[in-house]
Amino acid sequence: MNIEKSYAKNINQLVNELDSLVLYEFDKIVAPEIDKERLISDDLLNDSILDFIKNAIAKIKGLFLGALSSKNATKSATKFANSLSSVSKSNMNAQFNSKGINPINSEPWLKSYLASKVAENVSYITNIRDDYSSKIEQIIYRGVTNGQSSAEMREELIKQTGMARKKADFIARDQTGSMLGQMTAKRHQEAGIKAFRWSDSGDSKVRDSHRERDGKIYYYAENPLLPGEEYNCRCVEEPVFDDELAQIEAEQALNELTENEEYAINTYISSEAYRINDKLRNGYDLDEKDSKLLKELDSALSKMDKFEGDLNRSYNFRSQDDLISFVNSLEIGKRKTFDEYISTSIDIYDPNNQLLLIIKNAKNGRNISLINENELEVLYERGSEFIVKERYRLETGVLVIELEEFHD
Numbered sequence: 001m002n003i004e005k006s007y008a009k010n011i012n013q014l015v016n017e018l019d020s021l022v023l024y025e026f027d028k029i030v031a032p033e034i035d036k037e038r039l040i041s042d043d044l045l046n047d048s049i050l051d052f053i054k055n056a057i058a059k060i061k062g063l064f065l066g067a068l069s070s071k072n073a074t075k076s077a078t079k080f081a082n083s084l085s086s087v088s089k090s091n092m093n094a095q096f097n098s099k100g101i102n103p104i105n106s107e108p109w110l111k112s113y114l115a116s117k118v119a120e121n122v123s124y125i126t127n128i129r130d131d132y133s134s135k136i137e138q139i140i141y142r143g144v145t146n147g148q149s150s151a152e153m154r155e156e157l158i159k160q161t162g163m164a165r166k167k168a169d170f171i172a173r174d175q176t177g178s179m180l181g182q183m184t185a186k187r188h189q190e191a192g193i194k195a196f197r198w199s200d201s202g203d204s205k206v207r208d209s210h211r212e213r214d215g216k217i218y219y220y221a222e223n224p225l226l227p228g229e230e231y232n233c234r235c236v237e238e239p240v241f242d243d244e245l246a247q248i249e250a251e252q253a254l255n256e257l258t259e260n261e262e263y264a265i266n267t268y269i270s271s272e273a274y275r276i277n278d279k280l281r282n283g284y285d286l287d288e289k290d291s292k293l294l295k296e297l298d299s300a301l302s303k304m305d306k307f308e309g310d311l312n313r314s315y316n317f318r319s320q321d322d323l324i325s326f327v328n329s330l331e332i333g334k335r336k337t338f339d340e341y342i343s344t345s346i347d348i349y350d351p352n353n354q355l356l357l358i359i360k361n362a363k364n365g366r367n368i369s370l371i372n373e374n375e376l377e378v379l380y381e382r383g384s385e386f387i388v389k390e391r392y393r394l395e396t397g398v399l400v401i402e403l404e405e406f407h408d
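Numbering of the sequence shown is given in the UniProt record's numbering, commencing with residue 1 and proceeding in unit increments.
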């Protein structure tokens with residue numbers, strides 16, 4: 001990612017300033033003194049040279065604080081955080097637009113989040129400076145103690161600069177992944193997305209545990225590990241929208257059905273539904289076969305996911321008296337309990353039928369649409385209770401009755 005490379009470059013520019021400072025001071029002040037002392041004596045451990053080294057190191061440390069100040073680190077970290085947020089938001093909006101979801105506008109959480117991440121990154125950058133400073137001190141004192149030449153010490157100082165650059169690259173890579181994962185998760189959840197699909201980078205550098213996660217779905221409510229949170233992780237999270245999630249959950253529910261439960265549902269959605277519901281509606285006796293079927297059907301439905309949204313059911317009656325009797329049983333403001341199973345549909349109603357029953361804001365119907373795809377069926381368990389909200393006629397003359405689920 002270009003933002004990662006740019007951030008690494010900015011931090012490395014600060015490291016390069018430290019490198020230039022330390023080598024300049026070492027070459028100009030420290031090395032000549034060390035080489036001079038080596039010509040005079042093999043023993044460099046005398047008070048005068050040690051005091052000189054102490055003062056030189058103190059000067060270098062002071063210059064370091066000016067070259068890589070908290071202000072400079074804050075400037076780099078702020079630019080990085082804002083750029084990463086903009087890219088994240090742009091990516092999210094593109095994903096949302098493809099699904100007809102409104103773009104993200106207000107984000108009250110973002111300011112405090114970015115402020116905390118900037119402070120965190122400033123600490124990482126200044127730690128490079130402080131660690132570099134300590135290592136330089138150790139290299140010079142150790143060199144003096146061991147009788148090294150200034151050339152040998154200089155070589156170690158250059159190697160230490162390389163280590164500091166590697167730390168800068170690591171910070172940029174690690175923070176890009178972790179912050180992107182966290183912002184993506186927050187924006188997904190703010191948009192109502194409940195889950196994400198883990199996607200790895202698809203190369204040999206992917207750790208085994210993350211390769212195992214590739215393609216799997218995780219729910220935000222379960223507070224899972226997010227892509228990018230572990231060090232050097234380049235995995236990303238892809239949104240799983242509600243329609244796909246419902247499909248996946250329905251398929252999972254189907255896989256959990258026993259053979260008898262699956263048989264019971266398939267039997268019900270055949271012509272048996274009319275016979276069984278007639279017995280339940282009218283209180284007729286059930287034979288052993290019926291009782292076994294209902295037991296397996298109830299068990300199967302308890303495993304199926306609940307549908308959320310509006311549902312409808314179209315009716316045709318054999319006689320006007322049957323129509324009137326049914327309508328009279330549904331008084332506005334009154335509760336209605338259905339002793340039978342109630343089959344409803346996600347799809348639009350049949351305009352040729354006499355009556356349309358609409359269940360508003362449904363939440364308890366069991367989604368069996370994967371089994372009965374032709375009707376996109378949602379089935380209510382027997383004993384379901386509703387409140388009658390409205391009755392009216394469409395311009396076509398079709399009578400409409402609106403219900404809502406009754407909840408204690």
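All residues carry an ideal CB built from backbone N, CA and C; glycine is no exception.
Every value quoted in this text rests on a predicted model; they were computed, and no experiment measured them.
Between the Cα of residue i and those of the options, spot the shortest distance and give me the residue it belongs to.
i	options	result
I53	Q189, Q95, V30	V30
I171	I128, N282, A253	I128
K303	K205, K292, N364	N364
P78	V206, A119, N97	Residue identity differs from the one stated: residue 78 is Thr in this sequence, not Pro. T78 has its Cα closest to that of A119, out of V206, A119, N97.
I348	L357, I342, S199	L357
S270	V236, I11, E375	E375
I60	A73, N91, F26, S90	F26
K186	L355, K295, L323, E238	E238
I193	V87, K9, N102, E33	N102
K334	E155, M92, I401	I401
E137	L157, Q320, A253	L157
L18	S134, S86, G177, S116	S134
S20	N55, A8, K36, L63	L63
Y341	I217, L84, K360, E381	E381
G228	V206, D242, E385	V206
L330	S299, Q354, R366, V388	V388
E261	I368, Y24, N2	I368
E385	A362, I371, V398	A362
L257	I34, S299, L180, E222	S299
I57	S69, V87, Y24	Y24
E4	E249, N277, Q160, A168	A168
M183	L226, K279, S48	L226
So, helix, strand or coil for residue i, using DSSP?
i	result
G192	coil
Y284	coil
N364	coil
A240	The amino acid occupying residue 240 in the given sequence is Val; Ala does not appear at that position. Here V240 sits in strand by DSSP.
Y231	coil
E156	helix
R211	helix
S133	helix
residue 445	In the structure as shown, the chain begins at 1 and stops at 408. Residue 445 is therefore absent and cannot be evaluated.
S106	coil
S204	coil
V398	coil
L225	coil
S199	strand
I101	coil
L50	helix
residue 409	In this structure the chain extends from 1 to 408, so residue 409 is not present and cannot be described.
What do you get for residue i, buried or exposed, if any count of 16 or more other CB atoms within 10 angstroms of its CB means buried?
i	result
L311	buried
I140	buried
L65	exposed
L394	exposed
Q13	exposed
D208	exposed
W198	buried
Y284	exposed
G215	exposed
D305	buried
I332	exposed
S98	exposed
G181	buried
E296	buried
G147	exposed
Q189	exposed
K117	buried
R366	buried
H407	exposed
Report, in whole angstroms, the separation of the C-beta atoms of residue i and residue j, which I expect to be a contact under 8 Å.
i	j	result
D339	R281	6 Å
V122	A81	Their Cβ separation, rounded to whole angstroms, is 10 Å, which puts V122 and A81 out of contact at 8 Å.
N232	R154	Wrong, their Cβ atoms sit about 32 Å apart, outside the cutoff.
T337	R313	Not confirmed; about 16 Å, so no contact.
residue 413	A191	The requested residue 413 does not occur in the structure, where the chain is confined to residues 1 to 408.
Got a sec: does the ligand ZN put a non-hydrogen atom nearer than 8 Å to the Cβ of residue i?
i	result
Y7	Judged by which ligands are present, the structure shown has none, so any question about the ligand ZN falls away.
Output the residue ranges of the alpha helix (DSSP H) runs that lie fully inside the segment 4 to 40 and measure 4 residues or longer, sorted by chain position. Note on the segment 4 to 40: whole alpha helix (DSSP H) runs with a minimum of 4 residues are 31 to 40, in chain order.
If we require 4 or more residues per run, which alpha helix (DSSP H) segments fall completely within the UniProt domain "ADP ribosyltransferase" (250 to 391)? You should have 259 to 267, 273 to 282, 288 to 303, 320 to 328.
Taking only runs of the alpha helix (DSSP H) that begin and end inside the segment 160 to 187, which ones reach a length of at least 4 residues, in chain order? Secondary structure within the segment 160 to 187: not one fully enclosed alpha helix (DSSP H) run of 4 or more consecutive residues is present.
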